[in-house]
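Q:
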Amino acid sequence: MEMGGSITRVTFVPRTPLWTGDIRRQSNEIKETGLLGSLRWWTEAVLRALGRYVCDPTHGNEAGVDPCPYKDHPDHYCIGCAIFGATGRRRSFRLQVGQAAEWTGTAVVSLPIKPRDRTHGWTLQPGVSRDTTLEIIGLSPHFEPAVVLFPLTIAARWAAIGAKTRLGYGVVELLDPADQGAGLEQFQEGLAKLTQHTLLRADRPDQQALPNLRDMFFAKVRFKITDDWLSGLGGMRKKVLDWCHAHSYSAVPVTPLVKNWLRFEPEGKKLWSPPGAVSTGEVDKWLFGFAGSQKRQAGRINVSWAYPLGKAMWELRLWGWLPRGNTVPSGFNRQLFLNKLQTHLKSPQESVLGFIPGGSITGVDWQECTEGLVGTHFLRQLMNVTQGTSTAVKEG
Numbered sequence: 000m001e002m003g004g005s006i007t008r009v010t011f012v013p014r015t016p017l018w019t020g021d022i023r024r025q026s027n028e029i030k031e032t033g034l035l036g037s038l039r040w041w042t043e044a045v046l047r048a049l050g051r052y053v054c055d056p057t058h059g060n061e062a063g064v065d066p067c068p069y070k071d072h073p074d075h076y077c078i079g080c081a082i083f084g085a086t087g088r089r090r091s092f093r094l095q096v097g098q099a100a101e102w103t104g105t106a107v108v109s110l111p112i113k114p115r116d117r118t119h120g121w122t123l124q125p126g127v128s129r130d131t132t133l134e135i136i137g138l139s140p141h142f143e144p145a146v147v148l149f150p151l152t153i154a155a156r157w158a159a160i161g162a163k164t165r166l167g168y169g170v171v172e173l174l175d176p177a178d179q180g181a182g183l184e185q186f187q188e189g190l191a192k193l194t195q196h197t198l199l200r201a202d203r204p205d206q207q208a209l210p211n212l213r214d215m216f217f218a219k220v221r222f223k224i225t226d227d228w229l230s231g232l233g234g235m236r237k238k239v240l241d242w243c244h245a246h247s248y249s250a251v252p253v254t255p256l257v258k259n260w261l262r263f264e265p266e267g268k269k270l271w272s273p274p275g276a277v278s279t280g281e282v283d284k285w286l287f288g289f290a291g292s293q294k295r296q297a298g299r300i301n302v303s304w305a306y307p308l309g310k311a312m313w314e315l316r317l318w319g320w321l322p323r324g325n326t327v328p329s330g331f332n333r334q335l336f337l338n339k340l341q342t343h344l345k346s347p348q349e350s351v352l353g354f355i356p357g358g359s360i361t362g363v364d365w366q367e368c369t370e371g372l373v374g375t376h377f378l379r380q381l382m383n384v385t386q387g388t389s390t391a392v393k394e395g
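If you're matching positions, the sequence shown starts at 0 in numbering that gives the first Met the number 0 and goes up one per residue.
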């Protein structure tokens, strides 16, 4: 990471293709707007984990929270809009994508994946897989880069950035640790500096239905590959590998395979299905999303592609936002599901996530923030954790 005046440069390598999209719904180059939406989502989730109020500019009253500017005081904004802008207030910074290596793939074609015994599937499209430099340019004298770098580092370490992350895109590695000078303390100092010059909203509506990092879980699963590790793709195996090779991808899109196993296969459904005769319909939609003619909802569980770490060692990530309280559907036990999922990932068995031979798992990093949570403790843990750990943060 380089800092020069008001410009901060961060270089990252996509471990899975990065998708930001354009007007043609293609992504052979990175668009700043595609990164901004993702970065705002993560920043808002971090802010709520710290107990800060943040509005929801994308849903407005649908989430029960009026977007900024505040209707009773038009010159008052939440801290999220102070950073990312809103009607009547410009963003405190801008992003600019620096030069990147030339595109090395061949024909840009989509890849339909339909798991065995399923009538529907997923369609994957090529994304960017080359090293990229991102410039964070301050537009306000009160802007500190840590306000953006801290959430970016959390997302890069444990989840993904950009669009289509629910299809496994956007896992990146920061070449220069972006948390140098951008830890939690620097983030909070940056917030304090910005809010000294901002009229903040005084209302505090319920934010339970909005993303909060305290309500998220993260897992990294490392495993050794075998000759038949993609047998679950059936007749699609060769087509998938040929498609990856054509676009110079080292990662493999196992996301559809894992999501199909978790949602539809008996062993996967055991992890989340309500007990007894309780219907699974509402829980299914709440966890995995749905697309209706009038309304659609994104799934809450994300799975990355599998990507190599070196010497036949591979890794994939799982993460999700599972809010607590009255937003949870009847019959779903949130903590029981997380316990079962963690046990499944770590227990010796024939298969993990429907395709990884149990004996090939070499390590699992698991992070969650349990009841009695403390947001600051969880954020520090996510920044300081070492490989091969499992943590459930409690108050105290």
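All C-beta atoms in this analysis are idealised placements derived from N, C-alpha and C, irrespective of residue type, glycine included.
If you're wondering where the values come from, they're calculated on a predicted model, not measured in any experiment.
#1: In whole angstroms, give me the CA-to-CA distance for Val9 and Glu134.
#2: Any idea if Leu229 is buried or exposed, counting beta-carbon neighbours within 10 angstroms, 16 or more meaning buried?
#3: Three or more C-beta pairs under 8 Å: does that hold for the segment 282-302 against the segment 317-333?
#4: On the DSSP letters alone, give me the boundaries of the beta strand (DSSP E) that Phe400 sits inside.
#5: Between Pro66 and Gln366, what straight-line distance do the alpha-carbon atoms span, to the nearest angstrom?
#6: With DSSP as the reference, please indicate the residues paired to Val327 in a beta bridge.
#7: If you pair each beta-carbon of the segment 154-170 with each one of the segment 191-201, do three or more pairs fall below 8 Å?
#8: Would you mind reading off the limits of the beta strand (DSSP E) that contains Ala402?
#9: Out of curiosity, what's the CA-to-CA distance linking Ala397 and Glu281?
#10: How close, in whole Å, do the beta carbons of Val159 and Ser303 come, if the pair is a contact with beta carbons under 8 Å?
#11: For Phe289, does the count of other Cβ atoms within 10 angstroms reach 16, so buried, or fall short, so exposed?
#12: How about the segment 313-322 and the segment 216-229: do they share at least three Cβ pairs that are nearer than 8 Å?
#13: Which residues bound the alpha helix (DSSP H) around Leu193?
#14: Tell whether a beta-carbon distance below 9 Å holds between Leu410 and Val327.
#15: CB Pro56 to CB Gly87, shorter than 9 Å?
#16: I need the straight-line Cα distance from Val96 to Ser249, nearest angstrom please.
#17: According to DSSP, is Ile160 helix, strand or coil?
#18: Quick one: grab the DSSP three-state call for Trp18.
#19: Who are the near neighbours of Gln185 in its chain, counting only those whose CB is closer than 6 Å to its CB and skipping five residues on each side?
#20: Can you have a look at Gly267 and say buried or exposed, based on whether 16 or more other CB atoms are within 10 angstroms of its CB?
#21: Considering Arg8, what are the terminal residues of the beta strand (DSSP E) in which it resides?
#22: Span of the beta strand (DSSP E) holding Asn332?
#23: Could you pull out every residue in the same chain whose Cβ sits closer than 8 Å to the Cβ of Thr361, ignoring the five residues on either side in sequence?
#24: When every heavy atom of the ligand ADP is checked, does at least one fall within less than 8 Å of the C-beta of Leu308?
#25: Are there 16 or more other CB atoms within 10 angstroms of the CB of Ala48, so buried, or fewer, so exposed?
#26: Rounded to a whole number of angstroms, what is the C-alpha to C-alpha distance between Thr15 and His72?
#27: Quick one: measure Cβ to Cβ for Trp242 and Leu110, integer angstroms, because I've assumed they're closer than 8 Å.
#28: Would DSSP call Gln341 helix, strand or coil?
#29: I'd like the list of long-range same chain contacts for Val171, defined as Cβ closer than 7 Å, with 5 residues on each side in sequence excluded.
#30: Can you give me the C-alpha to C-alpha distance between Pro347 and Cys368, rounded to a whole angstrom?
#31: Taking the CB atoms as reference points, tell me whether Asn301 and Thr122 lie closer together than 9 Å.
#32: Which residues in the same chain as Glu43 place their Cβ atom closer than 6 Å to its Cβ, once the five residues preceding and following it in sequence are excluded?
#33: What beta strand (DSSP E) runs, 3 residues minimum, are completely inside the segment 116-158?
#34: Let's see if you can read the secondary structure: which residues bound the alpha helix (DSSP H) around Glu314?
#35: One question on the structure: do Arg129 and Asp214 come within less than 9 Å of each other, judged by their Cβ atoms?
A: Here's the rundown:
#1: 6 Å
#2: buried
#3: yes
#4: For residue 400 there is no data in the structure shown, the boundaries of the chain being 0 and 395.
#5: 31 Å
#6: Paired residues: none, contrary to the question.
#7: no
#8: Residue 402 is absent from the model: the chain starts at 0 and stops at 395.
#9: Because the chain in this structure spans residues 0 to 395, residue 397 falls outside the shown range and cannot be described.
#10: Reading the sequence as shown, one finds Ala at residue 159 and not Val. Indeed they touch by this definition, with Cβ atoms about 6 Å apart.
#11: exposed
#12: yes
#13: 183-194
#14: Because the chain here runs from 0 to 395, residue 410 falls outside it and cannot be looked at.
#15: no
#16: 23 Å
#17: coil
#18: coil
#19: Ala145
#20: buried
#21: 6-13
#22: Segment: none, Asn332 is in no beta strand (DSSP E) and carries neither H nor E.
#23: Arg221, Phe222, Lys223, Met312
#24: Questions concerning the ligand ADP fall outside what the structure shown contains, since it holds no ligand whatsoever.
#25: buried
#26: 44 Å
#27: 5 Å
#28: helix
#29: Phe11, Val12, Pro13, Arg14, Leu17, Ala155, Ile160
#30: 25 Å
#31: no
#32: Val53, Gly79
#33: 121-123, 131-137
#34: Taken as a continuous stretch (DSSP letters only), Glu314 belongs to no alpha helix (DSSP H), being part of the beta strand (DSSP E) at 312-320.
#35: no
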